[in-house]
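Q:
Residue numbers (the working numbering): 33 to 331.
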């Protein structure tokens, strides 16, 4: 398994190197420990854009089972995720959101962790030319096979100033089908469940806040806000658990907040005068002011 990981990693690194030239923003040789971190000055990020990629060249000591973290002003940077060091790593890529850049421009960036050695840090274009529309909560590439869990630190959600502006949270991947499963969690307890994409009944499917489409899933923020559940269970992260199911393994790429109407179906329904509402725990559809049940029968 380790050899396969190294092979895939080498291919990704080669493709990245061929696609865009990088600028070194730090070089040397420093053993990183929690009390011996690397500080990058705020000036290094003066021209950074959302989607730019930070590449840390490093070697990890065998047996290390600690995290690598990116901070500013003593706090985890918004848009970063929980990552345990792996002894086969040669580089670690961090893709920047706008909130992350805004923080770095004020405080700089601190690279923290334990028992690895850094020799170079590059800044390159990354995904800047292909960022998804909306406010990015997280962006990057996360490989999904069987029950893979991306853990985005809550600072990305805390950085959202006005949640009322946003109707949905969209979860993009390179999966070409809707066969995959996605669960949103604040922790592993029942109280930490935010939403799941596999409702048990047709009625639950109609009211489920998490819908799947080709290439993305979408959470209806008017029904549930992940930050509320995270606060309720005192969690420090949003956990996005995915399983490929009938599809091939794929990359998960973006978490984005969307303003206003979210899907083409919403726009068509609005044009046709269709509105779905809950009445006494039951889904009711209004079409041009006339009430129907979920099967379309006039009430």
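Note that the Cβ used here is the ideal one computed from N, Cα and C, for glycine as well.
For a quick check, are the C-beta atoms of residue 265 and residue 219 less than 9 Å apart?
A: Using a Cβ distance threshold of 9 Å, residue 265 and residue 219 count as a contacting pair.
Q: Beta strand (DSSP E) containing residue 151: first to last residue?
A: Note, residue 151: beta strand (DSSP E), 148-156.
Q: At 4 residues or longer, and completely inside the segment 104-141: list those alpha helix (DSSP H) runs for me, N to C.
A: 130-139
Q: How far does the beta strand (DSSP E) with residue 183 in it reach, from first residue to last?
A: 180-185
Q: Tell me the residue span of the beta strand (DSSP E) that contains residue 1.
A: Absent from the structure is residue 1, since the part of the chain shown begins at 33 and ends at 331.
Q: In terms of alpha-carbon separation, which member of 179, 68, 131 lies closest to residue 355?
A: Because the chain is modelled from 33 through 331, residue 355 falls outside the range shown and cannot be assessed.
Q: Touch check for the segment 86-94 and the segment 234-253: three-plus C-beta pairs under 8 Å?
A: no
Q: Out of 78, 71, 289, 186, which one is the CA nearest neighbour of residue 204?
A: 289
Q: For residue 124 and residue 165, what's the separation of their Cα atoms in angstroms?
A: Those two C-alpha atoms are separated by around 25 Å.
Q: Is residue 238 helix, strand or coil when you go by DSSP?
A: helix
Q: Can you name the residues that DSSP bridges to residue 68?
A: 65
Q: Grab the span of the beta strand (DSSP E) containing residue 201 for me, first residue to last.
A: 198-205
Q: Evaluate residue 248 with the Cβ neighbour count: other Cβ atoms within 10 Å of its Cβ, from every protein chain shown; 16 or more gives buried, anything less gives exposed.
A: buried
Q: Just to confirm, are residue 187 and residue 70 a CB contact at a threshold of 9 Å?
A: no
Q: Quick check: residue 144 and residue 58, are their CB atoms within less than 9 Å of each other?
A: no
Q: Grab the span of the beta strand (DSSP E) containing residue 274 for me, first residue to last.
A: Element bounds for residue 274: 269-275.
Q: Just to confirm my understanding: we take residue 178, look at its own chain, exclude 5 residues before and 5 after, and list those with CB closer than 8 Å. What are they?
A: 275, 276
Q: Based on the DSSP secondary-structure assignment, which residues constitute the bridge partners of residue 248?
A: 204, 245
Q: If you draw a straight line from the alpha carbon of residue 256 to that of residue 263, how long is it in whole angstroms?
A: Those two C-alpha atoms are separated by around 13 Å.
Q: Could you tell me whether the Cβ atoms of residue 184 and residue 259 are closer together than 9 Å?
A: no
Q: Distance, Cα to Cα, residue 159 vs residue 206?
A: The alpha-carbon atoms of residue 159 and residue 206 are separated by roughly 14 Å.
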